[in-house]
Amino acid sequence: MDMNRSELDHYKVIRTLGIGATAKVKSIIDPNTLQIYAAKIIKKSENSSTISNFRNLMQNEVQVLSNLAHKNIVTFINSSENGIYVKKNNKGTYSCMYIIMEFCPNGTLFDLLYNSGSLSEPIVRFYFKQILLSLESCHNAGIVHRDLKPENILFDRSYNLKLSDFGYSKLLNPISSSELLRTRVGTKSYMAPEIYQNQHYSGQSADIFSSGVILFLMLAHNPPFSKADPHDNLYRKISSHDPMFWKIHSRCKPDSFFSEDFKDLIEKMLEINPEKRLDLGQVISHSWVLGQTASLNEIKEIVGKRMEKIKESAEQARLQRKEDMGMVCNNGKYYRGDPLSSDSLTLSFELPQSVYKVPYISERGVVDNRFTGIVTGLQPKEIITILSNELGAYDAKCEVIENTYNFRAKITTENDVIFFKCELYKTNEELYVVDFCIYNGDLLEAMNIFKVIENKIIEAQDDEEEIEYGIIAD
């Protein structure tokens, strides 16, 4: 037995990919075939309700995926309710349940959106068509997903899409595939209004709504609204077909950024009345969907190169990292040095005087309204100096969380009050990630503020190291 690696039954564990609300996801390798997979694992020592919930989700996922076979849907490999996990270096053993899936090495659609910046319309169309094809396969098999979101859409080695995470999916009654469902599941930001309001709903129509939110996010690079709630200002505007919805989202974008075809498709997919909402066939045949689409070779060339460049430049930034002194701000520009020598530093909270432990990003739990995070080779105090000063320009009220670099903030704008949390994480490559989670307020305004901060961090590092780096999720 190789005790330098943990083991899951006969599989060798490579690394932790992420930690969810109930389970850990790890990459594993079969020593007999050298094939790499992804395993979702939960300890049996968790409380009984958590174990029961995971077992139900796992059994549901296995049942559903056993009925699906499509190039744009992740492949089910194996599962066990009686697994044994052996920690490396003889540090312990525990019983577990797990489900093993195809391994997708290029992350999620969430990663792609925030790693690669804005996507062109042909690239967005390429990915949206793959979402539609995966949904068509599901719906034709009598299956509805019910938790469509960028985090549940993976990419293979060639950057093709793979729909995953079928724990909340539903295999419909074959006699009545139009049956209405009752269970409120999904993620609020992507949830159809009828689910959000606890009404009976069509699973197929709810999937169309969620797909519309994802499509908007892919092209606009920000969500259309916070949630499909009548109290949400932006959702109220689009559900009433108020032209102000598009005027608000067109700010800081080129003229005619949103084509009339795109507006028509989005409004019909996000229709508040599910009976008037487009069905899948109507979406597939819509004039916007039939427009110019990028080829797979173009996807590999453009998206693949962007992602690789970001990884390489972030690694170069790490290698060139210097002593963590903080940042000087002179004439609106940042330079490494003692903040006390600045001529224009207006801090919104006191800079840390100690060095705190920064958790790895794989230790972060699931967060609903996390829309952006910045990866950088700068040191924690340098990052925090920029954050504190930039938020000071917005007269932000900040509350630092004791013995961490993290803080909560409140910014009052002309239109709203924005509440968010900022946390600092570390990657396995020893880079740092500035993670923003929005609790309340206008998402568009919040993301514009985060974009300003991102640009300042990029500018600071570019001036010192001549290195570029961008936005990530996990």
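Numbering (UniProt numbering), first residue to last: 1 to 474.
Ideal Cβ positions, reconstructed from N, Cα and C, are used throughout, including at glycine.
Given a cut-off of 8 Å on the beta-carbon distance, is the pair residue i and residue j in contact?
i    : j    : result
M101 : G83  : no
R5   : K129 : no
H249 : A220 : yes
S189 : K237 : no
Q164 : A192 : A small fix is needed here, since residue 164 is Ser in this sequence, not Gln. No.
L171 : V62  : no
S354 : A396 : no
A141 : L57  : no
P274 : S205 : yes
K305 : Y159 : no
T385 : G332 : no
Y37  : I99  : no
L161 : Y127 : yes
G441 : I418 : yes
E445 : N406 : no
C437 : K426 : no
L234 : P150 : no
L378 : I458 : no
I123 : I302 : yes
L154 : T183 : no
I28  : A39  : yes
K26  : R15  : yes
Kindly say whether residue i, judged by its beta-carbon, lies nearer than 8 Å to any beta-carbon of chain B.
i    : result
R184 : The question asks about chain B, but that chain is absent: this structure has only one protein chain.
Within 7 Å: the Cβ of residue i and any heavy atom of the ligand ADP?
i    : result
C398 : The ligand content of the structure shown is nil, which means the ligand ADP is not present either.
Measuring alpha carbon to alpha carbon, tell me which of the options ends up nearest residue i.
i    : options                   : result
D111 : I411, E308, L180 and C329 : E308
D207 : E271, S240 and Y159       : E271
R277 : H286, K26 and E267        : E267
E430 : E260, E390, V375 and P224 : V375
N60  : Y168, I131 and N160       : Y168
C398 : R408, L68, E390 and V124  : R408
N403 : E390, D30, P359 and L172  : P359
S45  : I302, H286, N173 and Y85  : Y85
E133 : K24, A446 and G281        : What sits at residue 133 in the sequence shown is Leu, not Glu. Checking every option, the nearest Cα to that of L133 belongs to G281.
Y334 : I14, I131 and A460        : A460
V433 : K381, F262 and N415       : K381
L215 : Y394, H231 and S118       : S118
G186 : L443, N32 and L148        : L148
I401 : N448, E350 and K247       : E350
I284 : L265, T346 and A294       : L265
T413 : L17, N389, P31 and I449   : I449
With 16 other CB atoms within 10 Å as the buried threshold, where does residue i fall?
i    : result
C329 : buried
L296 : exposed
C138 : buried
G92  : exposed
K253 : exposed
I42  : buried
V452 : exposed
G212 : buried
Y11  : buried
H145 : buried
K357 : exposed
D279 : exposed
A473 : A caution first: A473 carries a pLDDT of 33, below 50, which makes its placement in the model too unreliable to give a value.
G470 : Since pLDDT at G470 reaches only 34, below the 50 mark, its modelled position is unreliable, and no value is offered.
L180 : exposed
I361 : buried
P230 : exposed
K424 : Lys is not the amino acid found at residue 424; the sequence shown has Leu there. Buried: at least 16 other Cβ atoms inside 10 Å.
Please state whether DSSP places residue i in a helix, a strand or coil.
i    : result
M327 : strand
L135 : helix
R277 : coil
V400 : strand
S211 : helix
L34  : coil
A409 : strand
F349 : coil
G18  : strand
F420 : strand
Y425 : strand
K149 : coil
L181 : strand
V74  : coil
Y469 : Confidence at Y469 is low in this model, with a pLDDT of 31, below 50, so its placement is unreliable and the value that follows should be read with caution. It is coil, neither helix nor strand.
T385 : helix
V375 : strand
I195 : helix
L290 : coil
E445 : helix
If we require 3 or more residues per run, which beta strand (DSSP E) segments fall completely within the segment 77-118?
93-102
Kindly provide the ranges of any alpha helix (DSSP H) runs that are 4 or more residues long and lie completely inside the segment 210-239, ordered along the chain.
233-239
Where in the segment 37-61 do unbroken runs of the beta strand (DSSP E), each at least 3 residues long, occur, reported from the N-terminal end onward?
none
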